[in-house]
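Peer 1: In the numbering used here, the protein residues as written are 41 to 695. Idealized CB from N, CA, C, for every residue including glycine. Since this is a predicted model, take the numbers as computed values, not measurements. This is the structure, below, for whatever I ask next.
In structure tokens form, the structure reads like this:
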């Protein structure tokens, strides 16, 4: 993308030339083919963006269902299922397809996620061959629509405390599903209000009065379009957004299902009522079961990244066309992106979006390796769960921030529905909450750090984690982290002994990495010491943990920002020399320095940043923005977002 005026580059600086096509290919990676298929489908079904505003809620829900079924016929939604049932047999490709779909209407995206990711994923990963044979062929085509009934009105993130009960009746060889009070009703369940015929219901399994914990059951909720006997369904009604998804509430009043309805990959019940499981420990069994559903979090994180791309593409292109106020002697009004403040508003967000894109590449690869059997180490699974949780949190918070900033950066025009921000804002806001509340997910990240993803990881509830950590020396907690080992290596590489952070160049990636690694290590030690001190004082473990939760969240956030920066640095270093590498290097520096700048108070409080160096970082950030300014159009063009789904004709112009 070019403009009729480009500001001069900083003195002595040679502006790189971006090969937009090559950069786009780099971003699409090994899944370019499936991404192109999804883009083509998005263009075909682009009218759904208008229909979201024109149709009433019932008609729009039907239209979204139609779009989902039509997309399923192209193969894009079934990539993660086994080929024997009509799927593509490629987990990584299924994630890439979902990420790309997030460039379009988000009701369609979430409907796809519910049907093929949550409902289909539960059947696939928690069920066995009898369930696969019975449901997967029709599920993959969209002929059979289903729900994922986990969340309850009174229990969201605390899945172990669900109130729905499944009691085994040995005489009839059936499970009896019952909603125990209003707090146990299944709530906010996608596909429930209109289209779902089956639900995977998570309930407390009870045999002869003994609870065996939460298990999943396949339960019919409709027959011939009407609610099944004993099933009561309510419509959740209009929401802030995503009104093309029919969320609803479900109650079960003694609903009977056959013994085979139990999804029995990890546990089963014999006809006589004997409970059997290859995993003896109930906590480990529960977390193993939930761990198979991590794909949903990976998908939502990737969707958050692409929502950010859409908003930034619109706002950046607008900033390269819109003029405001005369800034020179000639009297010509200046382009928005030529203003330093506008650069500061948008360009660091572009840098962070690129950083999160590459971090998402890492977690997607890890997921593919674990679920395809290439990586069968239990510790690798625990690391995947934590990394997926943290990436989802950072990416979805980022999306919420980006959409708001970009809307404001487009002024009054950004408030018009045709320019997409209204839908992006309303539809993506829930991303920070579903598939795990972000603050709860960051506690999972911190738990992994504090326990070093130990073999006891699944067994440790909140209090168990406190006891585990306080049973170790603080030094042992720190020594086990990869951040500690990496920091020692960096100290050896950089000049100045323990003053490495005062003498290294600001644009030295080793310096940038050392800073975020130091922050993480220091926070980890601080949390461990606070936990240990509280326990040494014989205080209640729950109270002790509650008092350090702010520190725990800060630690998890610091850890994830370190992983994101490492992913970005690794990708830039691996590129061949050329303009694209230089451009991505500038973005990487901008992401790193704005990350340090945003937390400069912490670094200064802990002696890692002087006032003078802090000011130098701000000057460097401003200089990086000026260098990136001429590249901004190409950087967002490389995301290859079809103009048909951008809409915003008055903002983006011709693409």
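Only counting runs of 3 or more residues, tell me where the beta strand (DSSP E) segments fall wholly within the region 194-245, in order along the chain.
Peer 2: DSSP runs (the beta strand (DSSP E)) wholly in the region 194-245: 205-209, 214-218 and 226-229.
Peer 1: Where residue 108 and residue 672 are concerned, what is the direct C-alpha to C-alpha distance, given to the nearest angstrom?
Peer 2: Their Cα atoms are separated by approximately 34 Å.
Peer 1: Residues bridged to residue 292 by DSSP?
Peer 2: The partner list for residue 292 (beta bridge, DSSP) reads 271.
Peer 1: Would you please verify whether the beta carbon of residue 89 is less than 9 Å from any beta carbon of chain E?
Peer 2: In summary, chain E is missing from the structure at hand, where a single protein chain is found.
Peer 1: Please state if the CB of residue 293 and the CB of residue 272 are separated by a distance shorter than 9 Å.
Peer 2: Yes; because the gap between Cβ atoms is below 9 Å, this pair is in contact.
Peer 1: In this structure, how does DSSP classify residue 652 when only helix, strand and coil are distinguished?
Peer 2: If DSSP states are grouped into helix, strand and coil, residue 652 belongs with the helices.
Peer 1: Of the residues 642, 618 and 402, which one's Cα is nearest the Cα of residue 58?
Peer 2: Nearest C-alpha to residue 58: 618.
Peer 1: When you compare the CB positions of residue 156 and residue 112, do they come within less than 9 Å of one another, or not?
Peer 2: Their beta carbons are under 9 Å apart, which means residue 156 touches residue 112 by this criterion.
Peer 1: Could you say if the region 681-689 and the region 453-460 meet the contact criterion of at least three C-beta pairs nearer than 8 Å?
Peer 2: Contact between the region 681-689 and the region 453-460 is present, because at least three Cβ pairs lie under 8 Å.
Peer 1: On the three-state DSSP scale, how would you describe residue 317?
Peer 2: Of the three classes helix, strand and coil, the one that applies to residue 317 here is coil, per DSSP.
Peer 1: Check the DSSP bridge columns for residue 255 and list the partner residues they point to.
Peer 2: According to DSSP, which records beta bridges pairwise, residue 255 is partnered with 243.
Peer 1: Which residue's Cα is closest to the Cα of residue 546: 569, 471 and 629?
Peer 2: The candidate whose alpha carbon is nearest that of residue 546 is 629.
Peer 1: In this structure, does DSSP put residue 365 in helix, strand or coil?
Peer 2: Strand.
Peer 1: Exposed or buried, what is residue 679 when buried is set at 16 or more other beta-carbons lying within 10 Å of its beta-carbon?
Peer 2: So residue 679 ends up on the buried side.
Peer 1: Excluding the five sequence neighbours on either side, which residues of its own chain have a C-beta within less than 7 Å of the C-beta of residue 412, listed in chain order?
Peer 2: Once the five neighbours on either side are set aside, the close Cβ partners of residue 412 are 131.
Peer 1: For residue 184, name the three-state secondary structure that DSSP assigns.
Peer 2: Coil.
Peer 1: Are residue 428 and residue 338 close, meaning C-beta to C-beta below 9 Å?
Peer 2: Contact flag set, yes.
Peer 1: Out of 574, 335, 114 and 232, which has the shortest C-alpha to C-alpha gap to residue 265?
Peer 2: Looking at the Cα atoms, 232 is the closest of the given residues.
Peer 1: Work out the CA separation of residue 216 and residue 674 for me, nearest whole Å.
Peer 2: Near 59 Å, if we compare the C-alpha coordinates of residue 216 and residue 674.
Peer 1: My parser needs the beta strand (DSSP E) runs of 3 or more residues fully inside the region 541-606; what are they?
Peer 2: As far as the region 541-606 is concerned, it has no whole beta strand (DSSP E) run of at least 3 residues.
Peer 1: Note down, one range per segment and in chain order, each alpha helix (DSSP H) of at least 4 residues found wholly within the region 414-471.
Peer 2: Those alpha helix (DSSP H) runs which fall completely within the region 414-471 and span 4+ residues are 418-449 and 461-468.
Peer 1: Using beta-carbon positions only, say whether residue 244 and residue 258 come within less than 9 Å of one another.
Peer 2: No, the Cβ-Cβ distance between residue 244 and residue 258 is not below 9 Å.
Peer 1: Got a sec? Which residues, its chain only, sit under 8 Å from residue 347 by beta carbon, not counting five neighbours each side?
Peer 2: The residues are 142, 146, 439, 442, 443, 464, 468 and 471.
Peer 1: Please report the straight-line C-alpha distance between residue 534 and residue 553, rounded to a whole angstrom.
Peer 2: At residue 534, the pLDDT of 49 sits below 50, so the modelled position is not reliable and the matter cannot be decided from this model.
Peer 1: Could you give the first and the last residue of the continuous alpha helix (DSSP H) run that contains residue 386?
Peer 2: Where residue 386 is concerned, the enclosing alpha helix (DSSP H) stretches over 380-411.
Peer 1: For the candidate residues 289, 224, 194 and 193, whose alpha-carbon lies nearest to that of residue 206?
Peer 2: Comparing Cα-Cα distances from residue 206 to each of 289, 224, 194 and 193, the minimum goes to 224.
Peer 1: In whole angstroms, give me the CA-to-CA distance for residue 185 and residue 349.
Peer 2: The straight-line gap from Cα to Cα measures roughly 31 Å.
Peer 1: Which residue comes first and which comes last in the beta strand (DSSP E) that contains residue 375?
Peer 2: Its beta strand (DSSP E) spans residues 373-375.
Peer 1: On a Cα-Cα basis, can you pick out the residue from 158, 596, 120 and 275 that is closest to residue 474?
Peer 2: Checked all of 158, 596, 120 and 275; the closest Cα to residue 474 is 158.
Peer 1: Look up residue 54 in the DSSP assignment and say whether it is helix, strand or coil.
Peer 2: If DSSP states are grouped into helix, strand and coil, residue 54 belongs with coil.
Peer 1: To the nearest angstrom, how far is the alpha carbon of residue 677 from that of residue 127?
Peer 2: Roughly 32 Å between the two C-alpha positions.
Peer 1: Which partner residues does residue 250 have in the DSSP bridge list?
Peer 2: Answer by DSSP bridge pairing, in chain order: 247.
Peer 1: Is the beta carbon of residue 167 sitting closer than 9 Å to the one on residue 85?
Peer 2: No, the pair does not count as a contact, with Cβ atoms beyond the cut-off.
Peer 1: Is the region 61-76 in contact with the region 627-642, if contact means three or more CB pairs nearer than 8 Å?
Peer 2: With a cut-off of 8 Å, the region 627-642 and the region 61-76 do not count as touching, because too few Cβ pairs lie within range.
Peer 1: Within this structure, are the beta carbons of residue 587 and residue 570 separated by less than 9 Å?
Peer 2: Yes, the Cβ-Cβ distance between residue 587 and residue 570 is below 9 Å.
Peer 1: In its own chain, which residues sit with a C-beta less than 8 Å from the C-beta of residue 148, not counting the 5 before and 5 after it?
Peer 2: For residue 148, where only same-chain residues beyond five positions count, the Cβ hits under 8 Å are 85, 88, 104, 107, 108, 111, 141 and 284.
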